[in-house]
Amino acid sequence: MWRGGEEGEPELLASCYRSSLACAEKVGAASMAFPAISTGIFGYPVKAAARMAVATLSATSTSVKVINLVCFDEETFEAYSEILTPR
Numbered sequence: 039m040w041r042g043g044e045e046g047e048p049e050l051l052a053s054c055y056r057s058s059l060a061c062a063e064k065v066g067a068a069s070m071a072f073p074a075i076s077t078g079i080f081g082y083p084v085k086a087a088a089r090m091a092v093a094t095l096s097a098t099s100t101s102v103k104v105i106n107l108v109c110f111d112e113e114t115f116e117a118y119s120e121i122l123t124p125r
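Going by this note's numbering, the first residue of the sequence shown is number 39, and it counts up by one from there.
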């Protein structure tokens, strides 16, 4: 839950992605999909959540071969596109 960003929210969100990857590895998953975790009812700002997701997933060593980032609205799609589009 977003509480202004000063209560460890970024690390908790990163931990969620790392833990999910670890669970996927444990069951031998080759691919997985993530929504924009915590950006709905939990209020995490979409752009900050997208940056954290991409940074964490990029930096985490994993045997998962395919990671899909699922965007349910235009705002989320644009946030991820901005981060993932080479300049």
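Here a beta-carbon is modelled for each residue, glycine too, at the ideal position from N, C-alpha and C. Model, not experiment: these values are computed from the prediction.
Distance, Cα to Cα, Ala88 vs Ile121? 8 Å
Kindly indicate which residue of Ser57, Val84, Gly46, Pro83 has the alpha-carbon position closest to the one of Thr98. Ser57
Between Pro73 and Cys109, what straight-line distance do the alpha-carbon atoms span, to the nearest angstrom? 6 Å
Short check: CB of Leu51 to CB of Thr114, under 9 Å? no
Report, in whole angstroms, the separation of the C-beta atoms of Glu49 and Arg41, which I expect to be a contact under 8 Å. With 8 Å as the limit, Glu49 and Arg41 do not qualify as a contact, their Cβ atoms being about 13 Å apart.
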